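Colleague: Okay, here's the structure, questions in a sec.
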């Protein structure tokens, strides 16, 4: 008998089971591609409001879960961001393909907190300890399974232990901006990354509020 609660995750993610919703039955999953992450075709049945059952098929892209962090200096009123080339944006209207972002990465086998510390050091060169989770969100729930964990942490010059820039061939530029400039950049199009906009708005309400 098919286990209607089971959904196999991306290869690097721990096994997980769907929460049991009596109105949803997963019938079958098919792997369409696993060249980088995993794209699946999911066949399922859903009980509609009138009590009848409908059969549906949707594609779900599983890249695992991730974490992102806004590094800030409250006294100097600055934030630490990154800039790197993002191919999907380049093929969809971003003229240079470069994107200004908060530091981020996949969890792999780590906890969200450990993962974001690792990514912060790799990308920015800063070794931050007192990270604080502020919320989590599904970033593209119509097609992508990822949950993104959002963190904030203060940084100081003494926390920098190396140049950062990422690993392998990531070629990440580290940017320090005034918070006011970064917030303004979300309105004039210089910052177009959703997770970064969300964390800057959080900072405007909770960290740098007058």
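Numbering (the working numbering), first residue to last: 13 to 222.
We put the CB at the ideal spot given by N, CA and C, even for glycine.
If you're wondering where the values come from, they're calculated on a predicted model, not measured in any experiment.
1) Quick one: Cα of residue 58 to Cα of residue 33, how far?
2) Does the distance from the CB of residue 71 to the CB of residue 44 come in under 9 Å?
3) Tell me whether the beta-carbon of residue 164 lies closer than 9 Å to the beta-carbon of residue 211.
4) Which whole-angstrom value is the C-beta distance of residue 138 and residue 95, which I expect to be below 8 Å?
5) Please state whether DSSP places residue 69 in a helix, a strand or coil.
6) Nearest-angstrom Cα distance between residue 190 and residue 89?
7) For the region 133-161, list the beta strand (DSSP E) runs that are entirely contained and at least 3 residues long, ordered along the chain.
8) Do you know offhand how far residue 198's Cα is from residue 218's?
9) Apart from the five residues just before and just after residue 207, which ones in its own chain have a Cβ nearer than 8 Å to its Cβ?
10) Can you give me the C-alpha to C-alpha distance between residue 192 and residue 185, rounded to a whole angstrom?
11) Identify, in the order they occur along the chain, each residue of the same chain with its Cβ nearer than 7 Å to the Cβ of residue 122, setting aside the five sequence neighbours on each side.
12) Please report the distance separating the alpha-carbon of residue 106 from that of residue 65.
13) Going by the DSSP bridge assignment, what does residue 101 pair with across the sheet?
14) Using a Cβ-Cβ cutoff of less than 6 Å, which residues in the same chain neighbour residue 54 once the five nearest sequence positions on both sides are dropped?
15) Skipping 5 residues on each side, what residues in its chain have a beta carbon closer than 6 Å to that of residue 127?
16) Express the C-alpha separation of residue 35 and residue 62 in angstroms, rounding to a whole number.
17) Any idea which residues DSSP pairs residue 84 with across the strands?
18) Tell whether a beta-carbon distance below 9 Å holds between residue 221 and residue 82.
Modeller: Answer, in terms of the structure:
1) The count along the chain shown starts at 1 and reaches residue 58 at position 46. The count along the chain shown starts at 1 and reaches residue 33 at position 21. For residue 58 and residue 33, the distance between alpha carbons rounds to 10 Å.
2) The residue labelled residue 71 in the question sits at position 59 within the chain shown. The residue labelled residue 44 in the question sits at position 32 within the chain shown. In contact: residue 71 and residue 44 (Cβ atoms closer than 9 Å).
3) As a first step, residue 164 must be located in the chain shown, where it is residue number 152. As a first step, residue 211 must be located in the chain shown, where it is residue number 199. Their beta carbons are under 9 Å apart, which means residue 164 touches residue 211 by this criterion.
4) Within the chain shown, the letter at position 126 stands for residue 138. Within the chain shown, the letter at position 83 stands for residue 95. About 16 Å; that fails the 8 Å criterion.
5) Numbered from 1 along the chain shown, position 57 holds the residue referred to as residue 69. In the structure shown, residue 69 sits in a strand (DSSP, three-state: E or B).
6) Position 178 of the chain shown, counted from the first residue, corresponds to residue 190. Position 77 of the chain shown, counted from the first residue, corresponds to residue 89. The alpha-carbon atoms of residue 190 and residue 89 are separated by roughly 6 Å.
7) Under the rule that a run must span 3 or more residues, the beta strand (DSSP E) segments found entirely inside the region 133-161 read 144-150.
8) Counting from 1 along the chain shown, the entry for residue 198 is found at position 186. Counting from 1 along the chain shown, the entry for residue 218 is found at position 206. Just so you know, the alpha carbons of residue 198 and residue 218 end up roughly 17 Å apart.
9) On the chain shown, position 195 is the one that residue 207 refers to. Here the set comprises 80, 113, 114, 116, 151, 160 and 162.
10) Here residue 192 is taken as the residue at index 180 of the chain shown, counted from 1. Here residue 185 is taken as the residue at index 173 of the chain shown, counted from 1. Here the C-alpha atom of residue 192 lies approximately 20 Å from the C-alpha atom of residue 185.
11) The residue labelled residue 122 in the question sits at position 110 within the chain shown. Excluding positions up to five away in sequence, the list reads 130.
12) Here residue 106 is taken as the residue at index 94 of the chain shown, counted from 1. Here residue 65 is taken as the residue at index 53 of the chain shown, counted from 1. Just so you know, the alpha carbons of residue 106 and residue 65 end up roughly 42 Å apart.
13) As a first step, residue 101 must be located in the chain shown, where it is residue number 89. DSSP lists no partner for residue 101.
14) On the chain shown, position 42 is the one that residue 54 refers to. Excluding residues within five positions, the ones whose Cβ falls inside 6 Å are 41, 70 and 72.
15) For the purposes of this step, residue 127 is identified with residue 115 of the chain shown, where counting begins at 1. The residues are 79 and 119.
16) By one-based count along the chain shown, residue 62 stands at place 50. By one-based count along the chain shown, residue 35 stands at place 23. One C-alpha to the other measures close to 12 Å.
17) The sequence position of residue 84 within the chain shown is 72, counting from 1. Per DSSP, 91 and 166.
18) Counting from one through the chain shown, the residue named residue 221 turns up at place 209. Counting from one through the chain shown, the residue named residue 82 turns up at place 70. No. Outside cutoff.
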